[in-house]
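Residues 227 to 447 in the numbering used here are what the sequence shown spells out, letter by letter.
See structure below.
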Amino acid sequence: MDVYEAVDSRRAVRAFSDRPVPREVLERVLAGAARAPSSGNLQPWHLYVVSGEPLAELKRQATARALAGDPGDEREYPMYPADLAAPYRDRFAAAAAQRYAALGVERHDPDRPVKIAALNSGAFGAPVVLFCYLDRTVGPGQWTDAGMYLQTVMLLLRAEGLHSCPQVMWTMYHRTVGRLAGAADGLVLLCGVAVGFEQTGAPQLRTDRADMTETVTFVGS
227 MDVYEAVDSR RAVRAFSDRP VPREVLERVL AGAARAPSSG NLQPWHLYVV SGEPLAELKR
287 QATARALAGD PGDEREYPMY PADLAAPYRD RFAAAAAQRY AALGVERHDP DRPVKIAALN
347 SGAFGAPVVL FCYLDRTVGP GQWTDAGMYL QTVMLLLRAE GLHSCPQVMW TMYHRTVGRL
407 AGAADGLVLL CGVAVGFEQT GAPQLRTDRA DMTETVTFVG S
């Protein structure tokens, strides 16, 4: 797959089929992603690949917490700034409205938060979830490295005909995830990434992107 095609076709898929993802494909993707940029070559990411019964049990426990209205574990880092300002707040609101309308969750539904949490905790039906952790001792530069690594993973998944959905939501249940994934002590959960084949006939949502003139400044000729 052409790199531009992989970038353009990558989107957060929220409806996966139960078709298994071959382990050899995941190994090929993750071996390739190891070439992602890393300042100082620290390669600070720690990835736990969860599938099968361990993932099923994680989904059951997380969904039970979501449906019970459990607010989640104490946050280890904020998902978004508390005082998110324009234009970021406007982009967030527009994308959220598009995203959950496609999933059949109305914006003014009083049960919307619980329904959204339950959809997320089921990883949208994905048969594999990658959980990316970082050592608690590292700094913002290494968090940046992890972002570039995960983007590389998601693009290589597209090259294999797979889709993904990054889910920061899992940090709400980081204690449950850590216990069932067997995460080592001293690590902080950055996010999960649902992985699989897209469900046939599922709504294909592509959220809008800001015009380049809003985000890019050319200096010089």
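Ideal Cβ placement from N, Cα and C applies to all residues, glycine included.
Contact between S243 and E424 holds, with the beta-carbon distance rounding to 7 Å and staying under 8 Å. L413 and T363 have their C-alpha atoms some 9 Å from each other. Nearest C-alpha to V419 among V442, Q324 and L356: L356. In this chain, the alpha helix (DSSP H) harbouring W369 covers P366 to A385. The C-beta distance from G422 to H389 rounds to 7 Å, short enough to meet the 8 Å contact threshold. Between T397 and the set E300, R325, R291 and P263, the nearest pair of CA atoms involves E300.
At a Cβ-Cβ threshold of 8 Å, P270 and L360 count as neighbours. Listed in chain order, the beta strand (DSSP E) runs fully inside the segment 254 to 319 are 271 to 277, counting runs of at least 3 residues. Per DSSP, the continuous beta strand (DSSP E) segment holding G422 begins and ends at L413 to G422. Looking at R245, G266 and L273, the one whose alpha-carbon comes closest to that of A407 is L273.
Between A311 and P304, the alpha-carbon positions lie close to 15 Å from each other. Around the Cβ of G404, a 10 Å sphere holds 16 or more other Cβ atoms; the residue is buried.
Ranked by Cα distance from L293, the first of N346, A320, P313 and A328 is N346. Membership of L360 in the beta strand (DSSP E) is indicated by the continuous run V354 to D361.
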